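Undergrad: What follows is a structure written as structure tokens; I'll ask about it next.
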Amino acid sequence: MLVSKYPSEVISAEQKVPGIFMVSLKSLGRPYRFKPGQFLHLALDAYDPSGPWPESRCFSIQTCCSDELLTITYAVKGAFTQRMAAEITPGHQVWLKLPFGDIFDQGHDQANCVFIAGGTGITPFLSLFTDSSFAEYRMPHLYLGVRSPEFHLYAGEIKRAQAINPSFGVDVVVESASGILKISDIFQQSAPDSTFFISGPPVMIKNFRNYLIDQGVAGDKVRTDDWE
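Per the UniProt record's numbering, the sequence shown starts with residue 1, numbered consecutively.
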């Protein structure tokens, strides 16, 4: 799928919890084209086709490809995302370049897939969970770790996913009540032939991947969303 540039209008921009924003965008030209699990580059400054692509940042696409609006969630961490928090308001225009990434497009067994997400790391998974193709997965399971109850922003998408695939199991671990996700517990609860998808903070991704490999899980059975 070719990478394309899309002038886009901000339809909504909401701070869900302190420092975490959810933004929905509409293409001002042709419809967005992407696959589940892919990501985009977002530029705040206008793009001139005769010049280089402006400064941008990467964000996972959390909506499925059949939705009219494209949604991202971002955390304010540096100068660029501080600009986003100040400038991205309904009616504002930005530029998107997409799609990038192939986490679900590499070929994998659709039985016993285990999805492990830390916080906003769930967003690339949501674009699969809410896509009609998710019905083809057999006994998928999500382990989602969130800091506190108000940081679980994705109950609506998870409910939609369970309607698409009734065999979808979900465990939400709230750190303030139960502690952090434990990869040892997840591994023990998973089928021996599981494929593990991991997305979240870089340290979590590294530690969880290393643990699974140390337990004898084949490298092609551990897929990570670590393009950052």
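Backbone N, C-alpha and C define an ideal beta-carbon position, used for all residues, glycine too. What you are looking at is a predicted structure, and each value in this text was computed from that prediction instead of being measured.
What are the boundary residues of the alpha helix (DSSP H) that Leu-128 is part of?
TA: Taken as a continuous stretch (DSSP letters only), the alpha helix (DSSP H) holding Leu-128 covers 123-129.
Undergrad: Whose CA, out of Val-23, Glu-55, Arg-33, Lys-16, lies closest to the CA of Tyr-6?
TA: Per the Cα distances, Arg-33.
Undergrad: Since Gly-145 and Val-173 are thought to touch, with beta carbons under 8 Å apart, how far apart are those beta carbons, to the nearest angstrom?
TA: Their Cβ separation, rounded to whole angstroms, is 5 Å, which keeps Gly-145 and Val-173 in contact under 8 Å.
Undergrad: State the Cα-Cα distance for the pair Met-84 and Leu-44, rounded to the nearest angstrom.
TA: For Met-84 and Leu-44, the distance between alpha carbons rounds to 7 Å.
Undergrad: Within a Cβ cutoff of 8 Å, which residues of the same chain sit near Ile-11, ignoring the five residues on either side of it in sequence?
TA: Once the five neighbours on either side are set aside, the close Cβ partners of Ile-11 are Ser-24, Leu-25, Lys-26, Leu-69, Pro-90.
Undergrad: When burial is assigned at 16 or more other CB atoms within 10 Å of the CB, is Ile-158 buried or exposed?
TA: That one is buried.
Undergrad: To the nearest angstrom, how far is it from the Cα of Tyr-74 to the Cα of Gly-200?
TA: Cα to Cα, the separation comes out at about 12 Å.
Undergrad: So, does the stretch 135-149 touch the stretch 104-120, judging by three or more C-beta pairs under 8 Å?
TA: These segments touch.
Undergrad: The beta strand (DSSP E) spanning Asp-171 covers which residue range?
TA: Where Asp-171 is concerned, the enclosing beta strand (DSSP E) stretches over 169-174.
Undergrad: To which residues does DSSP link Gln-93 through a beta bridge?
TA: Bridge partners of Gln-93: Glu-9.
Undergrad: Candidates Leu-96, Gln-93, Pro-36: which alpha carbon is nearest Ile-122's?
TA: Nearest of Leu-96, Gln-93, Pro-36 to Ile-122, Cα basis: Pro-36.
Undergrad: Between which residues of its own chain and Thr-81 is the CB-CB distance below 8 Å, once the five residues before and five after are set aside?
TA: The residues are Arg-57, Tyr-74, Ala-75.
Undergrad: Less than 6 Å between C-beta atoms, sequence neighbours within five positions excluded: which residues of the same chain meet that for residue 250?
TA: No information on residue 250 is available, as it lies outside the stretch 1 to 228 that the chain covers here.
Undergrad: Note down, in chain order, each residue of its chain lying with its Cβ closer than 8 Å to the Cβ of Gly-51, except the 5 sequence neighbours on either side.
TA: Within the same chain, Gly-51 has no close Cβ partners at all.
Undergrad: Can you give me the start and stop residues for the alpha helix (DSSP H) that Lys-26 sits inside?
TA: It is not in any alpha helix (DSSP H) - Lys-26 instead sits in the beta strand (DSSP E) that spans 20-27.
Undergrad: Could you tell me the distance, in whole angstroms, from the CA atom of Glu-55 to the CA atom of Pro-149?
TA: If I take the Cα positions, the gap works out to 34 Å.
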